[in-house]
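Chains as they are written, first to last, in the numbering used here: chain A, 1 to 273; chain B, 1001 to 1267.
The beta carbon of each residue, even a glycine, is placed where N, CA and C say it ideally should be.
Shown next, in the form of C-alpha cells:
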C-alpha cells in the first residue's frame, strides 16, 4: 500500500458526521429524557412502554416477511449464481430494475391490485366469484414488505454464492453426499455471511416502515413506524414522546443486529479452525 | 434425466419470481392507458399523460428533486472522496476504527430514525427550506462515496507512486498523476450511488423537507388519495427512463467485456 500524508482531508467528513449524524442521534436521546421545558423526566420512556404491543406486532410482521424473503430468495440466488456470465448480468439487472422505480409507486401498484375494486377483485367478479378482502389486512402488509425488500435479500445471497466454486459442489457429491447433505454441509455454511447481511437488510427497513403499513394495512395494522410518524408530523405531535418511541425502536434494531453479528463471528472462527 | 427436470423446475421458479417482481409494474403500465379511472378496462386513452404534463405541482416537484440531488451528490462526492484519502493516510488504528463505525451508522439505522433525528436538529437550529434538506441528503449519501473510494486507494500499486516520486514529481504531482486516475472509477461509482439515493429518497425527505415539495413527497400525497391514474402515467414514464438508462449502460459494459476478450484472443 502507498503512503500518503493527507490526514487533513478527512476533517470535513469527521466534522460533518459529528454535526449531522451523531449530534442528531444524541438529540433523540436528549428529547426522550426531557419534557417540553427541557427538564429531566422518565415519563416519555415510561409512556413508550404502552407501545410495546405495537412494537411487538412490527417485529412479528417484519420477521415473517424476512423469513419469506429468505425462503424465496435462497433458491433463486443459487440458480442465478450457476448461470453463464452474460445471463448472470442480465438477471441481476432484472432484479435491480424494479428497485430503481420509486418505492411509493411500487407499493401503490399493490394497492391497485389488492383494492376492494382493484385488479384481482375485478377479475374475480368478472368470472362470477365472490370478491375477497385483500387490502387492509396484515397479509397485505407482509406482501408489501416481501415485494419491496426481496431484492435486498437476493443480491447479497447471489454475490456470496458466485464465490462457491463448482468443483466444491462436485467434490461433495463425488464423496457421496446427496442433495440435502451437500446443501446443509457445504452451501449453507459458505453462504452464511450472505444470509446475515440479507436478513439485516430486509428486517431493519421492514420493522421500521410506515409507508407500507399505511398504504396496505389500513387502520388495523398500526406499526411502530406509523406511531413515530404521527408523533413527529401527525395529530399526536409530541417530539419528546416520539423521541422515546424512536429510541425504543433503535434499541430493538441494535439488539437484533448484535445477535446476528455474533452468529457471524462465531461461525467464521469455527471455519478458521 | 433428473438434470433436465431440475433445469425445467428452476426455469419455472425463476419465471414465477420474476412475474411477482414485475406484475405490479405491468398493472401500472397497462392501466395508465385506460380511459376510465377504475381497474376495469374501458378503452385506450392518453388522457392521464396529458393531465400529468399540465400538472404544475408535479413539474415543480421534479425540479426541486433534481436541484436537491445535484447539490447533495456533488458535495457528498467531494466530502466522501477527501475523507477516504484522509482516512487512508491515518496511522492511528483507533481513529480509523471509530470513523469506520460512524460511517456504518447511517447505513444500519432505520431510515425513519435518521429522518426524525435530523428533524430535531433542524428544529433546534431553526432552519428550514432547501438547505436542511440538502444537508440531510448529503449525510446519507456521504458514507457510500467514502466506502466506494477507500478500496480503490488500497489497490494502488506502490511502485507506480514511488516511481513518480523518484522521477521528480512532488507529492502533489504524484497524487494528481497516479493516485487520482486510479481512484476515479470509485469516485464516479460513489457519485452515481449518491445521485440515485437522493433521487429515490422518501423517508428522510419526508421529515426534513418542511415546505419544499420533492417528487417523492408529492407522490406520497397523491397516493394517499388512492385512485389517481396520473400516477400510473408517471410510473410508466419513470420505468421507461430507468429501463433505457440500464439498457444503455449494460450494453456498453457487455461491449467492453467483449472487446477485452477479443484483445486477449489476439495476444
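Asked: Reduced DSSP category for residue 162 of chain A - H, G, I as helix; E, B as strand; rest coil; Found: coil
Asked: Backbone secondary structure at residue 54 of chain A - three-state DSSP; Found: helix
Asked: Contiguous alpha helix (DSSP H) assignments of at least 4 residues, all confined to the stretch 223-273 of chain A; Found: 224-232 and 239-272
Asked: Beta-carbon gap between residue 1203 of chain B and residue 1118 of chain B smaller than 8 Å; Found: no
Asked: Alpha-carbon spacing of residue 71 of chain A relative to residue 1116 of chain B, whole angstroms; Found: 33 Å
Asked: Residue 125 of chain A burial status per 10 Å Cβ neighbour count (16 or more: buried); Found: exposed
Asked: Chain-ordered chain B contacts of residue 20 of chain A [CB-CB under 8 Å]; Found: 1118, 1121, 1135, 1136, 1138 and 1139
Asked: Contact check, residue 1191 of chain B vs residue 1077 of chain B, beta carbons under 8 Å; Found: yes
Asked: Residue 24 of chain A burial status per 10 Å Cβ neighbour count (16 or more: buried); Found: buried
Asked: Host alpha helix (DSSP H) of residue 1118 of chain B (start-end); Found: 1111-1124
Asked: Cβ of residue 1193 of chain B within 8 Å of any chain A Cβ; Found: no
Asked: Contact list for the stretch 1020-1052 of chain B against chain A, Cβ threshold 8 Å; Found: 1020, 1021, 1022, 1023, 1024, 1025, 1027, 1028, 1031, 1038, 1039 and 1040
Asked: Length-filtered (4 minimum) alpha helix (DSSP H) runs lying within the stretch 1035-1082 of chain B; Found: 1047-1053
Asked: Residue 129 of chain A: first and last residue of the uninterrupted alpha helix (DSSP H) it sits in; Found: First-last for residue 129 of chain A: undefined, no H or E at that position.
Asked: Among B:1181, B:1146 and B:1150, nearest to residue 1160 of chain B - alpha-carbon criterion; Found: B:1181
Asked: Residue-chain proximity (residue 185 of chain A, chain B), Cβ-Cβ < 8 Å; Found: no
Asked: Between the CA atoms of residue 1242 of chain B and residue 87 of chain A - distance to the nearest angstrom; Found: 20 Å
Asked: Per-residue DSSP class, three states only, for residue 84 of chain A; Found: coil
Asked: Under 8 Å between C-beta atoms of residue 202 of chain A and residue 65 of chain A; Found: yes
Asked: Straight-line gap, residue 269 of chain A to residue 1109 of chain B (C-alpha atoms, nearest Å); Found: Unreliable placement is indicated for residue 269 of chain A, whose pLDDT of 43 sits below 50; the coordinate value is still reported in the next sentence. So the alpha carbons of these two residues sit roughly 27 Å apart.
Asked: Neighbour-count burial assignment, residue 178 of chain A, 16 or more Cβ in a 10 Å radius; Found: exposed
Asked: Whole-number beta carbon distance between residue 1 of chain A and residue 1154 of chain B, since they are thought to touch under 8 Å; Found: 6 Å
Asked: Contacting residues, own chain, Cβ-Cβ under 8 Å from residue 98 of chain A (five flanking each side not counted); Found: 106 and 151
Asked: Residue nearest to residue 1113 of chain B in terms of C-alpha spacing, selected from A:238, A:14, A:120 and A:244; Found: A:244
Asked: Buried/exposed call for residue 1111 of chain B, threshold 16 Cβ in 10 Å; Found: buried
Asked: Where the alpha helix (DSSP H) containing residue 1134 of chain B begins and where it ends; Found: 1130-1155
Asked: Segment limits, alpha helix (DSSP H) that includes residue 1212 of chain B; Found: Taken as a continuous stretch (DSSP letters only), residue 1212 of chain B belongs to no alpha helix (DSSP H), as it is neither H nor E.
Asked: Neighbour list for residue 17 of chain A in chain B, Cβ cutoff strictly below 7 Å; Found: 1102
Asked: Extent of the continuous alpha helix (DSSP H) run through residue 212 of chain A; Found: 211-216
Asked: Bounding residues of the alpha helix (DSSP H) (the contiguous stretch that carries residue 1229 of chain B); Found: Where residue 1229 of chain B is concerned, there is no enclosing alpha helix (DSSP H), given that its DSSP letter is neither H nor E.
Asked: Test: residue 1200 of chain B CB closer than 8 Å to a CB of chain A; Found: yes
Asked: Chain C contacts made by the stretch 78-107 of chain A, where a contact means CB separation under 9 Å; Found: Checking the listed chains, one finds no chain C in this structure; the protein chains it contains are A and B.
Asked: Residue 272 of chain A to residue 168 of chain A span [Cα, whole Å]; Found: In this prediction, residue 272 of chain A has a pLDDT of 37, which is less than 50 and means its spatial position is unreliable; what the coordinates show is noted afterwards. Their Cα atoms are separated by approximately 17 Å.
Asked: Chain-ordered neighbours of residue 225 of chain A on chain B, where CB pairs are closer than 7 Å; Found: 1112
Asked: Identified DSSP bridge partners for residue 34 of chain A; Found: A:40
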